[in-house]
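Worksheet: one structure, shown below.
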Ligand SMILES: [Zn+2]
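In the working numbering, the protein residues as written are 7 to 191.
Structure (structure tokens):
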């Protein structure tokens, strides 16, 4: 049985040749191979999963792709590292000139072919950069940190003081009730 570990894809391929062969490429790129992406991450460990489909789509040479990865970034609230799952899709029509791109249906983005081979890894890196949310914060994991910050800043004590001030007898009443309950028990 073949192992299912996907291989590392080449950085660049001849797109039109892949279209002629209706090739589907599935594999990974190491995150460390994408310097622009690494610049905005806290770790370059890990891999990006990629699926590329070359072929014809409504008469246009096309490249459809999917990318997904777990990226390490920084929580903008507690400044600790956090993992985010990102994924992206793209659908390019491969064109030879800007004139061709004017004829494209809206669902396509034009990709201008240039040279013998075209860089796949650049497309993937762009897609991942676009898929990172503008604001990254822990959903819940940094609430302990927030509580600690509150206490350090006295926010919690202030809130408690405000509460007591608005109900000056509430604390006293609670204490009396506590005493009463103790006697009953
Ligand atoms: Zn956080």
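Glycine is no exception: its CB is placed at the ideal position from the N, C-alpha and C atoms.
Hey, residue i and residue j: beta-carbon distance below 8 Å or not?
{"i": "residue 87", "j": "residue 48", "result": "yes"}
{"i": "residue 123", "j": "residue 97", "result": "no"}
{"i": "residue 148", "j": "residue 84", "result": "yes"}
{"i": "residue 118", "j": "residue 22", "result": "no"}
{"i": "residue 35", "j": "residue 14", "result": "yes"}
{"i": "residue 57", "j": "residue 32", "result": "yes"}
Per the DSSP calculation, residue i is bridged to which residue(s)?
{"i": "residue 88", "result": "79"}
{"i": "residue 95", "result": "72"}
{"i": "residue 105", "result": "Answer is none; residue 105 lacks a bridge partner."}
{"i": "residue 115", "result": "98"}
{"i": "residue 125", "result": "18"}
{"i": "residue 59", "result": "30 and 70"}
At a cut-off of 7 Å, is residue i close to ligand 1 when judged by its beta-carbon and the heavy atoms of the ligand?
{"i": "residue 144", "result": "yes"}
{"i": "residue 78", "result": "no"}
{"i": "residue 88", "result": "yes"}
{"i": "residue 93", "result": "no"}
{"i": "residue 148", "result": "yes"}
Return the chain-ordered list of same chain residues with a C-beta closer than 6 Å to the C-beta of residue i, the five sequence neighbours on each side being excluded.
{"i": "residue 91", "result": "76"}
{"i": "residue 28", "result": "61"}
{"i": "residue 24", "result": "60"}
{"i": "residue 74", "result": "55 and 93"}
Who are the Cβ neighbours of residue i in its own chain at under 8 Å, not counting the five residues just before and after it?
{"i": "residue 116", "result": "98, 99, 101, 104, 106, 107 and 110"}
{"i": "residue 134", "result": "40, 43, 54, 73, 75, 77, 92 and 94"}
{"i": "residue 7", "result": "In this prediction, residue 7 scores a pLDDT of 47, lower than 50, which makes its location untrustworthy; the coordinate-derived value is nonetheless stated afterwards. Hits under 8 Å: none found."}
{"i": "residue 52", "result": "36, 37, 75, 76, 77 and 78"}
Would you say residue i touches ligand 3, meaning its beta carbon is less than 7 Å from a heavy atom?
{"i": "residue 83", "result": "Annotation note on ligand 3: not contained in the displayed structure, which lists ligand 1 as its ligands."}
Might you give, ordered along the chain, the residues of its own chain that have their beta carbon closer than 7 Å to the beta carbon of residue i, omitting 5 neighbours on each side?
{"i": "residue 81", "result": "88, 142, 143, 144 and 148"}
{"i": "residue 248", "result": "Outside the modelled stretch of the chain, which goes from 7 to 191, sits residue 248, for which no answer is possible."}
Three Cβ pairs or more, each shorter than 8 Å: is that satisfied between the segment 126-134 and the segment 37-47? yes
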